[in-house]
Amino acid sequence: MIAPSAAYIAASSILLLVGAPSPPDTLDFARKAALTDSLFSDLATDGSPGCAVGVVQDGELVFGKGYGHGNLDYDVPLNTRSSFYLASVSKQFIGAAVGLLVLDGVLDLDGDVRDIVPELPDYGSRITSRHLLHHTSGLRDYLTLFTIAGQSFQDFFDNQDALELIARQKALNFEPGSEFLYSNSGYVLLAEIIERVTGKSLDAFTQARLFQPLGMKDTHWGEDVARVVPGRAVSYQIQDGTAQRFIWNFHAKGDGNLHSTVEDLARWDALFYRTDEPWAYLTDLLYTKGTLNDGSEIPYALRLSHGSYEDRPFISHGGGMLGYRTLIQRFPDNRFTSIVLCNLGSANPGLFGRQLSEVWLLERKPTGAPEPATTENAGADEAPEPAWDPGADELAAYEGTFYSAELDASHAVYVEDGVLRLGDAAGESMELQPRERDVFNRGVGTTFVFVREGGVVTGFTLDAGRVRGLFFQREDTH
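So the sequence shown is numbered by our numbering: it starts at 23 and just counts up by one.
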């Protein structure tokens, strides 16, 4: 296990924790450390947010370092005890907490979720905790709904708000168990299930059953918005060459909102090699891939995705929210893990994680980012060319105000400079690109299909990635 935190050296130097195995070749270790420094050199400057990284071998943190700053107001450098918002990396801890409830005999993974959360509508098909865990429930993604509604991360929003939004949905994206489609809604509901089954807050339960037993003393769920968090890494973005803080008041948990450090995540990593219970059971549960109704397997386990790199299997998950970017990537056959936690929205922990694996596991110089798409694939992410070129009168037929009861939000559709546009409650506006009569796109993956009665437009249905079939009723008529 990892040595006590007092044994680590400050952020600007390499971390070798007491109790960690000595590098077999000091020069080789120094070379790897220097190569790692070069990967993050752009962040290791004054006035820059950055990343805290860790390399774990055989359950020990053999290298850890901070690059850049966690708080620019006070010039606080990042280190391996800097506390980051983990975003979707949080979900695997929900999976583990659910596993403990299964072991306790108080939760059936295949039981009807509505038995515990009756506020969820009856969609005519049973949704189970297993569906929620593997993103096969068909529930619309509440974060996508949040965005479509024109809500702002500066507005107060917590799990009660998320639950109410999820419960307003009148339809699913698909029959439960028939498809895989990522949905943050499932993990918000799982957090609610954990609290209702245990009678404790999510943080209280996981502190007692997960974090304290594993020695993760700097890990917590962000339930108390007034809590002082030592070493908190602030979320930043770069605008016009200057770092600016993200201002937000978003506090939903379960799908995200776990706060932790490189050191604590190294302690978490060590559990995956334990053979005693309940840890061995939790490892097996977290690693098990989901299956669909037809028996086909999906690559997604309990918030851990299976993959391979140069014929070496790995299990990983990344996360992103505002300026936070996070990754844990584990090569279980090699007992090797890289941890990358960043507080800069433009950081790429996926690339950094791969490069750390190249340096520390494959023992070679890291490669750069993938080459841009060739001309053969050029335009693959662009919206299709319109097959319909409507005139001004045709576009005017779509103008009006459209209301969604499922969002409790209205959008205005209007023509401006010969272009059909949609404006939301937040004052944001987007161009709707004609594809065919009554069908418009916004880039790739977002489609508006207008419906008519007696030739008059009466509403539209929106498909937007993780949300399908969301209906908006026209409130006015010509």
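In this text, a Cβ means the ideal position worked out from N, Cα and C, and glycines have one as well.
query	result
In chain order, each alpha helix (DSSP H) run of at least 4 residues that lies wholly inside the segment 261-345	284-292, 301-309
Exposure label - Ser34; buried when at least 16 CB within 10 Å	No answer about Ser34 holds up, because its pLDDT of 35 lies below 50 and its placement is not dependable.
Inter-residue Cα distance where the pair is Ala66 and Thr58	12 Å
Pro46 (DSSP reduced to helix, strand or coil)	The pLDDT assigned to Pro46 is 44, lower than 50, so where the model puts this residue is not dependable, and the model offers no usable value.
Three-state class that DSSP yields for Arg490 in the structure shown	strand
Where Arg22 sits in the DSSP three-state scheme	The shown model of the chain, from 23 to 500, leaves out residue 22, and the question about it has no answer.
Cβ neighbours of Thr228 in the same chain (closer than 6 Å, five flanking residues each side left out)	Ala119
Minimum C-alpha distance to Val77 - residue among Tyr96, Gln266, Phe51	Phe51
Own chain partners of Gly72 with C-beta closer than 6 Å, once the 5 adjacent residues on each side are dropped	Leu65, Tyr89, Gly90, Leu100
Of the residues Trp382, Glu197, Asp240, Phe358, the one placed nearest Asp316, counting alpha carbons only	Glu197
Coil, strand or helix - Ala447 by DSSP	coil
Spatial neighbours of Phe374 in its chain, beta-carbon cut-off 6 Å, leaving aside the 5 residues before and after	Val362
Test item: CB-CB of Asp225 and Asp286 under 8 Å	no
Sufficient close CB pairs (3 or more, under 8 Å) joining the segment 293-307 to the segment 364-373	no
Asn181 beta carbon less than 8 Å from that of Ala213	yes
Span separating the alpha-carbon of Asp95 from that of Thr348	22 Å
Endpoints, the beta strand (DSSP E) within which Gln192 is located	The displayed chain sequence assigns Lys, not Gln, to residue 192. Neither: Lys192 is in no beta strand (DSSP E) and is coded neither H nor E.
Gly467 in three-state terms, based on DSSP	coil
Nearest residue (CA-CA) to Gly117, options Leu129, Phe106, Tyr107	Leu129
Start and end residues, alpha helix (DSSP H) containing Val210	207-220
Residue nearest to Leu154 in terms of C-alpha spacing, selected from His328, Val139, Glu475	Val139
Beta-ladder partner(s) of Thr150, from DSSP	Asp134
With 16 other Cβ atoms within 10 Å as the buried cut-off, status of Gln234	exposed
Candidates Pro388, Met238, Asp498: closest to Tyr436 by CA position	Asp498
With 16 other Cβ atoms within 10 Å as the buried cut-off, status of Ala274	buried
Whole-Å CB distance - Leu236 paired with Trp270, under 8 Å assumed	Leu236 to Trp270, Cβ: 29 Å. No contact.
Nearest candidate by alpha-carbon position, reference Glu421, set Glu438, Ala431, Ala409, Glu450	Glu438
Closest residue to Gly69 among Thr483, Val98, Leu454 (Cα-Cα distance)	Val98
Backbone CA spacing between Tyr425 and Gly341 [nearest angstrom]	32 Å
Distance, Ile320 Cα to Thr310 Cα	10 Å
Phe178 classed as buried or exposed, judged by whether at least 16 other C-beta atoms fall within 10 angstroms	exposed
Beta-carbon proximity check, Arg357 vs Gln114, cutoff 8 Å	no
Same chain, Cβ closer than 8 Å to Ser327, neighbours up to 5 away in sequence not counted	Pro321, Ile337, Ser338, His339
Val441 and Glu453 closer than 8 Å at C-beta	yes
Tyr107 burial status per 10 Å Cβ neighbour count (16 or more: buried)	buried
Whole-angstrom C-beta distance between Gly133 and Thr150, which should lie under 8 Å	6 Å
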